Structure formats: C-alpha cells, structure tokens
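Structure record follows, encoded as structure tokens.
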Amino acid sequence: MIHIDRYEKIWIGFSIAMLAGLLIAVTVMAFGYGIQLPVEFGRVDPKTVATPGVSPFGEPGLRELAPGKYDAYVLAQAWRFTPNEIRLKVGDTVTFYFTSTDVQHGVKITGTNINMMILPGQVSRLTHKFENAGEHVVICHEYCGAGHHTMFAKIIVEP
Ligand code: CUA
2 MIHIDRYEKI
12 WIGFSIAMLA
22 GLLIAVTVMA
32 FGYGIQLPVE
42 FGRVDPKTVA
52 TPGVSPFGEP
62 GLRELAPGKY
72 DAYVLAQAWR
82 FTPNEIRLKV
92 GDTVTFYFTS
102 TDVQHGVKIT
112 GTNINMMILP
122 GQVSRLTHKF
132 ENAGEHVVIC
142 HEYCGAGHHT
152 MFAKIIVEP
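Per our numbering, residue 2 is the first one in the sequence shown, and the count goes up by one each step.
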C-alpha cells in the first residue's frame with residue numbers, strides 16, 4: 002500500500018466530490034429543466050431556401066399542426082428575422098426551425114431556453130411551450146455585420 006499524505010487524501014476526496022457535484026448539476030439541468038441540445042436537423046441550399054415552393058422557408062411563418070401545436074419557419078438574414086412578429090396564445094407549443102440565407106447568425110428567445118446558432122445551409126430546430134402571456138424578444142446573438150444590433154423580432158403570447 003502506498004502511503005498518501007493526509008492533506009493529499011483530503012484534496013483527492015474534494016476533487017472527486019466536485020466532479021460528482023457537477024455531474025449531478027448537469028443531470029438535474031438536463032432532465033429537470035428540459036435542456037435541449039440544438040443538433041443539426043437538416044440541410045438546405047441557402048441560395049434557394051427562401052424561394053416559395055422550394056422549402057417551407059419560402060413562406061416563413063407559423064403552420065398549425067393541431068390545435069395549440071405549431072411549426073414556425075423563420076428565416077435569418079442580415080439583418081432581420083422573417084417573420085418579424087409571431088402571435089401565439091398561452092399554452093401553444095411551437096417547434097422553431099431556423100436557417101440563414103447569408104452569414105452565420107444566432108438566436109436567443111428571451112424567457113425561454115431557446116438559444117442556438119443559425120448557419121447558412123443548415124436547419125436548427127428547438128421546441129418550446131409558451132405557458133405565460135407576454136412578449137418575448139428574438140435576438141440575434143452572433144455578430145453578423147454592421148446591422149447586427151438591429152436584428153431582432155418579437156413573439157407575442159396572448160392570454
Ligand atoms: Cu444576425 Cu447578428
């Protein structure tokens with residue numbers, strides 16, 4: 002048996018406890034708070050994706066799948082989101098599909114856990130259920146040029 006100094010043992014114990022603590026924190030966040038990993042959902046041609054008829058992004062906006070269940074197709078371009086405003090009712094669940102026609106953008110929807118990159122040629126997808134009435138700001142959080150700070154849209158959730 003190797004001799005390990007008492008303080009060394011305490012530090013080893015502390016390091017293991019810290020790792021275990023972080024693992025528990027990540028697990029609780031993932032399952033308890035519904036953290037979703039934005040994975041690559043699909044590929045599109047950024048040159049034609051905005052053409053009507055070629056892809057659902059040709060006519061961006063909401064599609065009702067069932068009462069209270071929607072798909073939202075949102076185009077990101079320098080420097081705007083299309084559509085610029087989405088109106089929902091409390092309790093609606095929306096699966097957002099984002100893509101870019103030009104450069105790399107980002108999206109954060111305030112008050113939700115939607116936060117992902119938007120890359121030309123790829124589709125990013127995340128789902129959120131809107132439980133409360135109010136306004137959410139859709140912000141581009143990836144520097145995309147001179148007008149980056151003006152790139153935002155709104156989601157209005159009505160009671
Ligand atoms: Cu788009 Cu910053």
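C-beta: ideal position from N, C-alpha, C; glycine also. For clarity, every value in this text was computed on a predicted model and none was experimentally measured.
Assumed close pair residue i, residue j - CB separation to whole angstroms, cut-off 8 Å
{"i": "CYS145", "j": "VAL104", "result": "5 Å"}
{"i": "GLU86", "j": "ILE157", "result": "7 Å"}
Beta-carbon proximity check, residue i vs residue j, cutoff 8 Å
{"i": "VAL95", "j": "ALA73", "result": "yes"}
{"i": "THR100", "j": "ILE119", "result": "yes"}
{"i": "THR111", "j": "VAL138", "result": "yes"}
{"i": "PRO84", "j": "THR102", "result": "no"}
{"i": "ARG81", "j": "MET19", "result": "no"}
{"i": "SER125", "j": "PHE58", "result": "no"}
{"i": "GLU132", "j": "ARG88", "result": "no"}
{"i": "PRO61", "j": "VAL75", "result": "yes"}
Pairwise C-alpha distance: residue j and residue i
{"i": "ILE140", "j": "LYS90", "result": "21 Å"}
{"i": "ALA31", "j": "ARG44", "result": "26 Å"}
{"i": "LYS10", "j": "LEU63", "result": "59 Å"}
{"i": "ILE1", "j": "ALA21", "result": "Here the chain covers residues 2 to 160 and nothing more, so residue 1 does not appear."}
{"i": "ASP93", "j": "ALA79", "result": "29 Å"}
{"i": "MET117", "j": "TYR98", "result": "11 Å"}
{"i": "THR49", "j": "GLY135", "result": "35 Å"}
{"i": "THR1", "j": "TYR71", "result": "The first residue shown for the chain is 2 and the last is 160, placing residue 1 beyond what the model contains."}
{"i": "ASP6", "j": "ILE25", "result": "29 Å"}
{"i": "THR128", "j": "ASP46", "result": "23 Å"}
{"i": "GLY148", "j": "LYS155", "result": "17 Å"}
{"i": "HIS150", "j": "ALA67", "result": "35 Å"}
{"i": "GLY143", "j": "ILE13", "result": "The displayed chain sequence assigns Glu, not Gly, to residue 143. Approximately 40 Å, taken between the alpha carbons."}
{"i": "SER56", "j": "GLN123", "result": "13 Å"}
{"i": "ILE17", "j": "TYR8", "result": "14 Å"}
{"i": "LEU23", "j": "ALA51", "result": "43 Å"}
{"i": "LEU38", "j": "HIS106", "result": "17 Å"}
{"i": "GLY35", "j": "PHE15", "result": "29 Å"}
Any C-beta of chain D under 8 Å from that of residue i
{"i": "GLN37", "result": "The structure shown has no chain D; it contains just one protein chain."}
Which runs of the beta strand (DSSP E) spanning at least 3 residues fall entirely within the stretch 79 to 126, listed in chain order? 81 to 83, 86 to 90, 94 to 101, 106 to 110 and 116 to 119
Give the residues whose C-beta lies closer than 5 Å to at least one heavy atom of the ligand CUA, in chain order. HIS106, CYS141, CYS145, HIS149 and MET152
For a minimum of 3 consecutive residues, which ranges assigned as the beta strand (DSSP E) are wholly contained in the stretch 4 to 81? Qualifying beta strand (DSSP E) stretches, in chain order: 41 to 44, 62 to 67 and 70 to 78.
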